[in-house]
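Written below as structure tokens is the structure these notes are about.
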Amino acid sequence: MRLALPLRPEVLSALPLELRLEAERLEGTFRHENPVLGPLDLPFAARLEGERVRPIPLPPPSLEVEGWLRPTGLELEVRLRLPPGRTWGERAFARILEALFAKALEESLPAGAQPPL
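According to the numbering used here, the sequence shown is numbered sequentially starting from 4.
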């Protein structure tokens with residue numbers, strides 16, 4: 004899912020999100036209320052290289068975040084990382100979880116954020 008987030012405190016504080024910026028490393032946790040699995044804390048990490056935001060892989064379940072830091076805000080692509088499914092049922096379940104996550108993320112975006120670009 005691609006989205007744009009203005010870097011205004013009222014927008015960022017409205018998200019179920021914890022952010023930490025240390026040197027050139029951005030870390031955080033997205034709190035997701037999953038209707039199937041219940042509450043989940045999905046961690047993510049990224050490295051800032053100038054305006055570029057590059058993902059730092061974390062073990063699943065986690066988020067992979069990459070994009071650009073612009074003067075107007077963050078332009079990010081967010082992907083849910085799940086353990087690989089071995090059977091068709093596990094892969095289908097993963098797709099359901101991905102769709103639920105995308106819907107929850109879109110619904111949690113405050114006014115001023117632009118869901119899927």
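Backbone N, C-alpha and C define an ideal beta-carbon position, used for all residues, glycine too.
{"Item": "Using 7 Å as the threshold, is the C-beta distance between VAL81 and LEU66 below it?", "Value": "yes"}
{"Item": "Once DSSP output is grouped into helix, strand and coil, what is the label at GLY53?", "Value": "coil"}
{"Item": "Using 8 Å as the cut-off, can you tell me whether the region 41-56 makes contact with the region 85-94, which would need three or more C-beta pairs spanning the two stretches below that distance?", "Value": "no"}
{"Item": "Would PHE104 and LEU83 qualify as a contact pair, given that the criterion is a beta-carbon distance under 7 Å?", "Value": "yes"}
{"Item": "Within its chain, find whatever has a CB closer than 8 Å to the CB of VAL39; leave out the 5 residues flanking it on each side and keep chain order.", "Value": "ILE99, LEU100 and LEU103"}
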